[in-house]
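My numbering puts the first residue of the sequence shown at 374, with every later residue one more than the last. The structure appears right after this line, and notes come after that.
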Amino acid sequence: APEVIEVVEDEAEIEETVIQSTETNQEEKVEVKDVSYEEPAEEIADVPFAVIENVPVYPGCENEKNNAAKKACMSEKISEFVRKKFNTELGSELGLSGINKVYVQFKINKQGGVEFMGARGPHPRLEQEAERVTKLLPKMTPGMQRGKAVGVLYALPIVFQIQD
Numbered sequence: 374a375p376e377v378i379e380v381v382e383d384e385a386e387i388e389e390t391v392i393q394s395t396e397t398n399q400e401e402k403v404e405v406k407d408v409s410y411e412e413p414a415e416e417i418a419d420v421p422f423a424v425i426e427n428v429p430v431y432p433g434c435e436n437e438k439n440n441a442a443k444k445a446c447m448s449e450k451i452s453e454f455v456r457k458k459f460n461t462e463l464g465s466e467l468g469l470s471g472i473n474k475v476y477v478q479f480k481i482n483k484q485g486g487v488e489f490m491g492a493r494g495p496h497p498r499l500e501q502e503a504e505r506v507t508k509l510l511p512k513m514t515p516g517m518q519r520g521k522a523v524g525v526l527y528a529l530p531i532v533f534q535i536q537d
């Protein structure tokens, strides 16, 4: 039997969209709303100790003449502080021997406070001890970059020898 094809009338109405011209001429007035622009406050990122314009000042280093002298004074004072406070006995308790190094990184924030950032060492207990000592560091005068107080990153190697 032959197939019967049925024709269906298509009577759906389609609404046409009229696209208006966006062309303009020089006589047409453009309405401008008030535009306000605020200069963004420049946020200076944390700066490494080696390249800071004005170094943080450790208590007792205020009378140093220049930046280089203040840097040297600060490094010496921090090393001295760590030598006094760091418990080197931990190394022998943990069964370590010879020369051991714990690398500590901290930040002297915009207020001059010390924020511990991390430590790497031969044993987690030594890293915890490094964190404990870092948090004992005194408040300092914050470092300055372009006249503004900024956070200053400081890396400190703590090196000690365990006598067998």
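Don't be surprised by glycine CBs; every beta carbon is placed ideally from N, CA and C. Please read these numbers as outputs of a predicted model, since none were measured by experiment.
Exposed unless 16 or more other CB atoms sit within 10 angstroms - verdict on residue i
{"i": "residue 397", "result": "exposed"}
{"i": "residue 524", "result": "buried"}
{"i": "residue 392", "result": "exposed"}
{"i": "residue 494", "result": "buried"}
{"i": "residue 532", "result": "exposed"}
{"i": "residue 395", "result": "exposed"}
{"i": "residue 515", "result": "buried"}
{"i": "residue 464", "result": "buried"}
{"i": "residue 425", "result": "buried"}
{"i": "residue 375", "result": "exposed"}
{"i": "residue 451", "result": "buried"}
Three-way DSSP call (helix, strand, coil) for residue i in this model
{"i": "residue 516", "result": "strand"}
{"i": "residue 374", "result": "coil"}
{"i": "residue 422", "result": "helix"}
{"i": "residue 510", "result": "coil"}
{"i": "residue 491", "result": "strand"}
{"i": "residue 526", "result": "strand"}
Nearest candidate by alpha-carbon position, reference residue i, set the options
{"i": "residue 422", "options": "534, 443, 462 and 387", "result": "443"}
{"i": "residue 510", "options": "448, 535 and 437", "result": "448"}
{"i": "residue 496", "options": "467, 408 and 426", "result": "467"}
{"i": "residue 518", "options": "535, 482 and 507", "result": "482"}
{"i": "residue 431", "options": "527, 530 and 513", "result": "513"}
{"i": "residue 418", "options": "521, 530, 437 and 536", "result": "521"}
{"i": "residue 473", "options": "479, 484 and 499", "result": "499"}
{"i": "residue 460", "options": "480, 502, 451 and 487", "result": "502"}
Any chain B beta carbon closer than 8 Å to residue i
{"i": "residue 437", "result": "Absence of chain B from the displayed structure is noted, only one protein chain being present."}
In DSSP terms, what residue i is bridged to
{"i": "residue 532", "result": "474"}
task: Please confirm if the stretch 456-463 is in contact with the stretch 477-492, defined as three or more CB-CB distances below 8 Å between the two stretches.
output: no
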